[in-house]
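Here's the structure we're looking at; comments come further down.
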Amino acid sequence: METYHILVVEDDPDINKLLCRVLTGAGYDCRPAYSGSEAALWTGQYDYDLILLDLMLPGLTGEELITQLRQRKTMPIIVLSAKTGLEDRVNVLKLGADDFIPKPFDNAEVLARVEAQLRRYHQFSGTVGGSVLTHGDLVLDKESVTVTAAGKPVAVTAREFHILTLLMEHPKKVFTREQLYQQVWDGTYMGDDNTVNVHISNLRSKLAKASPTEYIKTVWGIGFKMCD
C-alpha cells in the first residue's frame with residue numbers, strides 16, 4: 341500500500357502534535373511545520389500529497405503560502421482555521437484551497453476529509469490510458485495532472501482539475517451545480533451555490549489569462565458545460 345506524505349502547518353505545537361498523531365495512526369507519513377516560512381522551505385524541497393494548513397501563522401501567512409504554492413503545485417490543501425467567517429472561507433477557496441475545516445475540529449472529520457481529498461487527487465493523477473482530453477486548444481492530461489490553454493500552462497487546484505475533467509469528458513452535457521458538488525466534493529448538496537460558483541470562477545479566470553477563448557459556458561438556470 342502506498343504511503344501518502346502530508347505536511348501539517350500549524351504554529352500551536354499541541355495542535356500540530358495532535359494532528360500528526362491522528363494522521364500517523366491512520367497510516368500517513370507526517371512532517372510538522374510551525375510557520376509559513378518553514379512550510380515554504382519544505383514544499384520547495386519535497387513533494388507532498390496533501391497539506392493541512394492553519395491561516396494565522398508566523399512568517400508567511402496561510403493565505404500567502406496558498407498563493408505561492410498554487411503557482412507551481414496542484415496537491416490538495418485543506419485549511420484548518422478559527423477564522424470561520426463566510427468571507428474568510430470564500431477567500432481561501434478563491435486563493436486555491438480545496439477544503440475548509442473550522443476550529444475546533446473533530447479528529448474523525450479531519451481524517452475523512454483527508455482521505456476524500458487524497459482519493460480524488462490520486463484517482464485523477466494516476467489515471468492511465470485515455471489520459472489526454474482536448475477541447476479546441478485546451479488540453480488536459482490526467483496522468484501528469486496538467487492543463488494547457490493555447491499552448492500555455494495553466495496552474496489549477498485539484499478541485500479545479502476534477503471539475504474541468506468532468507466537463508471535458510462530457511462536453512455536450514450540462515452539469516447542474518448539485519451534480520458538480522456531489523461528484524467533486526463527494527458530499528450531499530445543501531443548496532449552497534457559492535462553493536461551486538467560486539471554483540468555476542477561479543477556473544475561468546485562470547484559463548482566460550492563458551487564452552482569450554471562452555471554454556466554460558454558463559447555461560442560465562441549469563449549470564455549466566463546455567462551450568461548443
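Under my numbering, think of the first position of the sequence shown as 341, with each following residue one higher. Cβ atoms here follow ideal geometry from the backbone N, Cα and C, with glycine treated the same way. Note that the coordinates shown come from a computational prediction; the quantities given were computed from them, not determined experimentally.
Residue i in three-state terms, based on DSSP
| i | result |
| --- | --- |
| L478 | strand |
| M566 | strand |
| D428 | helix |
| F501 | helix |
| I452 | In the sequence on display, residue 452 carries Ala and not Ile. The answer is helix: DSSP assigns A452 an H, G or I state. |
| G469 | Because G469 sits at a pLDDT of 42, beneath the cut-off of 50, its placement in the model cannot be relied upon, and the point is left open. |
| L393 | strand |
With 16 other Cβ atoms within 10 Å as the buried cut-off, status of residue i
| i | result |
| --- | --- |
| G469 | Summary for G469: the model assigns pLDDT 42, below 50, so the residue's position carries little reliability, and this model does not support an answer. |
| T335 | Within the shown structure, residues of the chain are numbered from 341 to 568, placing residue 335 beyond reach of any answer. |
| V472 | exposed |
| S421 | buried |
| D446 | exposed |
| P552 | exposed |
| D439 | buried |
When the options are compared against residue i, the one with the closest alpha-carbon
| i | options | result |
| --- | --- | --- |
| K423 | T401, K434, M396 | M396 |
| Y521 | T486, K492, N537, K565 | N537 |
| G561 | F440, E518, G402 | E518 |
| L426 | R412, I441, V559 | I441 |
| L435 | S471, V479, E403, V450 | E403 |
| P353 | T343, P398, T497, D387 | P398 |
| L526 | A452, N534, T401 | Checking the displayed sequence, the identity of residue 526 turns out to be Asp instead of Leu. Selected option, being the one with the closest Cα: A452. |
| A380 | L409, V362, D369, L433 | L409 |
Between the CA atoms of residue j and residue i - distance to the nearest angstrom
| i | j | result |
| --- | --- | --- |
| R459 | R499 | 12 Å |
| T407 | A456 | 23 Å |
| N542 | D428 | 16 Å |
| T401 | E378 | 11 Å |
| T467 | T486 | Confidence in T467 is poor, its pLDDT being 42 and thus under 50, which makes the residue's placement too unreliable to answer from. |
Beta carbon of residue i nearer than 7 Å to that of residue j
| i | j | result |
| --- | --- | --- |
| A490 | A550 | yes |
| H345 | D389 | yes |
| L433 | Y555 | no |
| H510 | V524 | no |
beta-carbon residue i near the ligand ZN non-hydrogen atom, thresh 6 Å
| i | result |
| --- | --- |
| R412 | Of ligands this structure carries none, so the ligand ZN is not represented either. |
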